[in-house]
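A quick write-up on the structure given underneath.
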Amino acid sequence: MTETASDNTTSVKSMDDIMALCKRRGFIYQASEIYGGVNGFWDYGPLGAQLKKNLRDAWWTDVVMKGCNGKLGPDGKPVSIVPLDSSIIQNPKVWEASGHVGGFNDPMVDCRETKSRYRADHILCMGVKGDDSGQIYAFIENDDKSFDGALKKLSKYKKADIAKDGVDICSFTDLGPDEIAITVGPDAKEVGTLTEPRAFNLMFKTVLGATGNAEDNGAYLRPETAQGIFINFKNVVDTTRVSVPFGIAQTGKAFRNEVTPRNFTFRSREFEQMEIEFFCHPDESKAWYTFWRDWRMAWWQELGLEGENLILREHDNDELAHYAKEGAGTADIEYMFPFTAPGYGELEGIADRTNFDLKQHAEHSKTKLDYFDNTRGELAKNGQPKGERYLPHVIEPSAGLDRGVLALLCEAYTPDENRPSGVFMKFHPRIAPIKAAVFPLVKKDGMPEIAEPLYNELRNRFGHLGTIEYDVKQSIGKRYARMDEAGCPFCFTIDSTTLEDQTVTVRHRDTLDQERIAIDKVGDFLAEKLGF
Ligand code: GAP
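Mapping to the numbering used here: the sequence shown position 235 is 235, numbers consecutive.
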């Protein structure tokens, strides 16, 4: 048995190595690669597409179909959730009401020399200590390379050596424009090339119809799936049997024209979200917020994101989004990606959005969106509640599917110098894109004739959960190595002993243990291991 790496914190893993494996094994490719790529867009290869589907399916099953896996809500009742699939393009008024037309902006700065564009909140500034000129110098990206580069440029400009500990650092966005006297762009040769921050709307625009113009027929690609849910609240209440408290859930693409897409798929311009809008009485919003925050954290942990790589972080009041009221909860579930380590990056946000969105849409659309709750209100003479009319409050657990996949890839990546592949992907079997592989040891002696029916049997029984691999080419060692990099938890090998006693070798990915089981028990073995 081989020892596996014991320190599985992502801080010790290399993002370049993980990206190389993703390309090599067909998890993720650069979009439009043969044309030189397109910044901020990614394509999922055969393994990546299945991994992404498995994560989406796990969310859908556990959240929507099983209502939080059967966990009772704070009211002691089963959690009620219904699905939705709303359109990517909606009436542009939706985005005016939601605040996205007016407020979905990132401050950006341009570099006059290199023509590069950066997000102002990604720029750090340094002021030279003891420099009574009050000048502040801006440079970019929070990493040692750009810091050292900026120091060098400044030293040249000031005609004096400036030491690392001789500067104060703060965020570009914390400074007034007149405080920034001299700036240093990351790729610029000269100092003073960065412009002041300007607001940049992140929504992608398009034009509807063949004869349309941007003024009259402009529309937006949705920047979040959430608004599709809010504008269908009344439809769902009127056409189904739901009653508050209940949730509406949907998965789907969202588009944001990010100023600086980066860190692999972490910040992309096209990505997929998994969002729940959970509608409840205002008095119960705190209890539902706590319920969802804790259950969502436990859900990611069950899929294998554990230990110090995953944290739950409550927001400070100064971080609250425009829709969140002070005192109403907002928390992030954050993962320590190799490129954020020792810090964390957001995987999912859980926010008490109050009644902000329903109120906005009610006002802008002039449609009543309040809810009549016949279980509340004073008691009438007949002893029944008179009912209460209110705008429900909303708890929103909003997760990024692509970020979830990225976190699972980073978590699974396990260097192991004792294996031929040097690394294996330790996916939770539920998420693993390949569930099992069937290998005839050699392509002769009747082995393929035994392996093929087994492959067919497993494919029929487990194909809805993921791929069953069949491979006869190359040495068995090379085939195992390929499966290690794909994260396949079990390989079944048909060898000469199979011909004698109808048993096969099972190879366990994580421990490298091998055991023999009867060929007619392989299906049940796999069912048990996959939890079905
Ligand atoms: N409806 C609320 C909302 O959209 P958000 O924090 O802007 O909130 C929710 O987005 C999740 O979507 C994030 O936690 C993140 O996982 C994912 N996400 C947001 N922007 C993204 C981007 N540019 N690329 C990839 N994922 C992104």
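Heads up, the beta-carbon is just placed ideally off N, CA and C, and yes, glycines get one too.
Item, Value
"Close-in-space but distant-in-sequence residues of the same chain around Leu530 (CB under 8 Å, 5 per side omitted)", "Pro429, Arg430, Lys435, Phe462, Leu465"
"Proximity of Ala451 and Ile494 at Cβ, strictly below 7 Å", "yes"
"Every unbroken beta strand (DSSP E) within the region 326-360, with a cutoff of 3 residues, ordered by chain", "330-335, 345-354"
"Element boundaries [alpha helix (DSSP H), containing Tyr35]", "No alpha helix (DSSP H) contains Tyr35, which DSSP labels as neither H nor E."
"Other residues of its chain near Ile476: CB distance less than 7 Å, five sequence neighbours each side excluded", "Phe439, Leu441, Thr493"
"Strand pairing of Glu275, partner residues [DSSP]", "Gln250, Ser398"
"Ranges of the beta strand (DSSP E) found wholly within the region 441-480, counting only runs of at least 3", "467-470"
"C-alpha gap between Ser6 and Leu408, whole angstroms", "In this predicted model, Ser6 has a pLDDT of only 42, less than 50, meaning its place in the structure is not dependable; the value taken from the coordinates is given anyway. Cα to Cα, Ser6 sits roughly 17 Å from Leu408."
"Presumed contact (8 Å Cβ cut-off) between Gln90 and Arg222, rounded CB distance", "7 Å"
"Near the ligand GAP: Ala518 beta-carbon under 6 Å from a heavy atom", "no"
"Nearest neighbour of Asn374, chosen from Cys491, Ile468, Val242 [CA to CA]", "Val242"
"Alpha-carbon spacing of Ser496 relative to Tyr470, whole angstroms", "18 Å"
"Distance CB(Ser398)-CB(Gly349) smaller than 7 Å", "yes"
"Beta strand (DSSP E) segment containing Gln384, residue limits", "Counting along the chain, Gln384 falls outside any beta strand (DSSP E), and DSSP gives it neither H nor E."
"Beta bridge counterpart(s) of Gly218 as assigned by DSSP", "Val207"
"Residue interval of the beta strand (DSSP E) (run including Ala199)", "198-201"
"Pick from Leu194, Tyr455, Cys488 that is closest to Gly523, judged by C-alpha positions", "Tyr455"
"Cβ-Cβ separation, Val191 to Lys153 (assumed contact under 8 Å), whole Å", "6 Å"
"When Val79, Ala527, Leu208 are compared against Trp288, the one with the closest alpha-carbon", "Val79"
"Any non-hydrogen atom of the ligand GAP within 6 Å of Phe271 CB", "yes"
"DSSP-derived helix/strand/coil call for Trp496", "For the record, residue 496 in the displayed sequence is Ser; it is not Trp. Correct three-state label for Ser496: helix."
"Residues sharing a beta bridge with Met108, DSSP", "Arg119, Arg198"
"Of the residues Thr498, Gly487, Val506, Asp501, the one placed nearest Cys22, counting alpha carbons only", "Gly487"
"Residues near Glu485 in its chain [Cβ-Cβ closer than 8 Å; skip 5 each side]", "Leu21, Arg24, Arg25, Ser421, Val423, Phe424, Met425"
"Nearest-angstrom Cα separation, counted from Arg403 out to Asp16", "17 Å"
"Any non-hydrogen atom of the ligand GAP within 6 Å of Ala150 CB", "no"
"Buried/exposed call for Arg389, threshold 16 Cβ in 10 Å", "exposed"
"Proximity of Ala120 and Pro186 at Cβ, strictly below 7 Å", "no"
"C-beta contact flag for Lys126 and Ile81 at 7 Å", "Here residue 126 is Met; the residue named in the question, Lys, does not match the sequence. It is not a contact, given that the beta carbons lie outside the stated cut-off."
"Glu224 CB to nearest heavy atom of the ligand GAP below 6 Å", "yes"
"Distance cut-off 6 Å: Ser398 Cβ against heavy atoms of the ligand FMN", "The ligand FMN is not among the ligands present in this structure, which contains only the ligand GAP."
"Cut-off 6 Å between Cβ atoms - residues of its own chain near Val101, not counting five sequence neighbours on either side", "Trp95"
"Residues near Val207 by beta carbon distance below 8 Å, same chain, minus five either side", "Asn213, Ala214, Asn217, Gly218, Ala219"
"Pair within 7 Å by beta-carbon distance, Val38 and Ala49", "no"
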